[in-house]
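Colleague: The structure that follows is given in the form of structure tokens.
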Amino acid sequence: MNKKLTGGRKRGGCIKKFKPDSPLISIITVVHNEKNKLQEVIKEVRSQTYLNKEHIIIDGGSDDGTLDILRKNDGNIDYWMSETDTGIYDAMNKGIEAADGEWFYFLGVDDVFYNRDTLKLIFKDRAIPIDIAMLLGNVIYGDERLFKSRFGKSMYFKNTIHHQGVFYRHNVFEQFRYGASTSGNQSTKHYRISGDYQLNFLLFLQKAKHIYMNKIIAKCGSGISMQGNLSGYIEEIFIRHEHIGFFKAIFFDTFTFLRYFYKKIFVSSQ
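In this note's numbering, the protein residues as written are 7 to 276.
Shown next as structure tokens:
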């Protein structure tokens, strides 16, 4: 296991604060052996015209020169950490622990904001009710396909919120972490691909309040959960069984298998 290394402006005492007219936005990026893409995502966050933001980068102990990129950009990153982790959701939880924002957003190394003013258009001079837990929007991914995030009964069938199409209020993570059960304890199962579905499904079951903004937030790569592998579909099934029970979940499992075989037979062959 490699030694834990940290850096960034927070280490030097530069802590940003919440402002009533422009809440602090924590942008969390996790990375492992993607040094070239990492440099681009650092530039991407810096280019946002919304000023009250912080960039948290969690590296899973890369050995390709990623650490050199982090050190070179130490003055452009609010906080970074590099150490071995157990997977993407472990890294994301570490990012949550390090973040100080009112709202959290996860930006992957393959992703870019829709334009330079995206955060400003969402948050500047906008009063968001204190009981709102999620802000939902749209993303463009793959071959220019539009994904509109939805939060409702369709969550029983699949994850209808794109990971780059949602901002979470900080207090969501005072109750949950990726891999947390409804009791607040760690789940007995480790979800390698569908941990974001589990979080969103738990918020749905708790009737969390949200606002849907018909705005494009980001342009995204495919991501592991969008690639249609069987493991992701199986994890969806386990998540429902864990949180709503076998007899209620079994009905929705049928649709999960139908989605898998449809993608396998028709989409993959195109």
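For glycine and all other residues, C-beta sits at the position ideal for the given N, C-alpha and C.
Could you spell out the range, first to last residue, of the alpha helix (DSSP H) harbouring Y95?
Modeller: Its alpha helix (DSSP H) spans residues 94-104.
Colleague: By the three-class DSSP mapping on this structure, what secondary structure does A133 have?
Modeller: DSSP places A133 in coil when its eight states are reduced to three.
Colleague: Do you know how far the Cα of S88 is from the Cα of T12?
Modeller: 6 Å
Colleague: In whole angstroms, what separates the C-alpha of L113 from that of I256?
Modeller: 33 Å
Colleague: Excluding the five sequence neighbours on either side, which residues of its own chain have a C-beta within less than 8 Å of the C-beta of K25, listed in chain order?
Modeller: So the list reads N58, once near-sequence residues are dropped.
Colleague: Using 10 angstroms around the beta-carbon of G133, count the other beta-carbons present and answer buried if the total reaches 16, otherwise exposed.
Modeller: At residue 133 the sequence reads Ala, which differs from the Gly that was named. So A133 ends up on the exposed side.
Colleague: Rounded to whole angstroms, how far is the Cβ of R122 from the Cβ of N82, which I believe are closer than 8 Å?
Modeller: Their Cβ separation, rounded to whole angstroms, is 16 Å, which puts R122 and N82 out of contact at 8 Å.
Colleague: So within the stretch 37-71, which uninterrupted alpha helix (DSSP H) runs reach at least 4 residues, ignoring any that extend past its ends?
Modeller: 41-52
Colleague: Measuring straight from C-alpha to C-alpha, what distance separates Y174 and Q45?
Modeller: 25 Å
Colleague: In the DSSP assignment, find the unbroken beta strand (DSSP E) run with I167 in it and report its ends.
Modeller: Element bounds for I167: n/a, residue is neither H nor E.
Colleague: Output yes or no for whether 8 Å exceeds the beta carbon distance between I31 and N79.
Modeller: no
Colleague: Could you tell me how far apart the beta carbons of I94 and V145 are, in whole angstroms, since I believe they sit closer than 8 Å?
Modeller: 18 Å between Cβ atoms; not a contact.
Colleague: My guess is that N39 and D84 are in contact by the Cβ rule of under 8 Å, so how many angstroms apart are they, rounded?
Modeller: Wrong, their Cβ atoms sit about 22 Å apart, outside the cutoff.
Colleague: Could you spell out where the beta strand (DSSP E) holding G238 opens and where it closes?
Modeller: Not the beta strand (DSSP E): G238 falls in the alpha helix (DSSP H), residues 236-250.
Colleague: Does DSSP put G114 in a helix, in a strand, or in coil?
Modeller: coil
Colleague: Please classify N165: is it buried, with 16 or more other beta-carbons within 10 angstroms of its beta-carbon, or exposed?
Modeller: N165 is buried by the Cβ-count criterion.
Colleague: Nearest by alpha-carbon distance to Y111: which of K154, L264, F179 is it?
Modeller: F179
Colleague: Going straight from the alpha carbon of S155 to that of S200, what length do you get?
Modeller: 16 Å
Colleague: State buried or exposed for F157, treating a residue as buried only when at least 16 other CB atoms are found within 10 Å of its CB.
Modeller: buried
Colleague: Can you give the Cα-Cα distance for R265 and H169, rounded to whole angstroms?
Modeller: 19 Å
Colleague: Return helix, strand or coil for S88, following the three-state DSSP convention.
Modeller: strand
Colleague: Taking buried to mean at least 16 other C-beta atoms within 10 Å of its own C-beta, is T55 buried or exposed?
Modeller: By the neighbour-count rule (16 or more Cβ atoms within 10 Å), T55 is not buried but exposed.
Colleague: Provide the residue(s) that pair with V145 in DSSP beta bridges, ordered along the chain.
Modeller: According to DSSP, V145 bridges with F153, A224.
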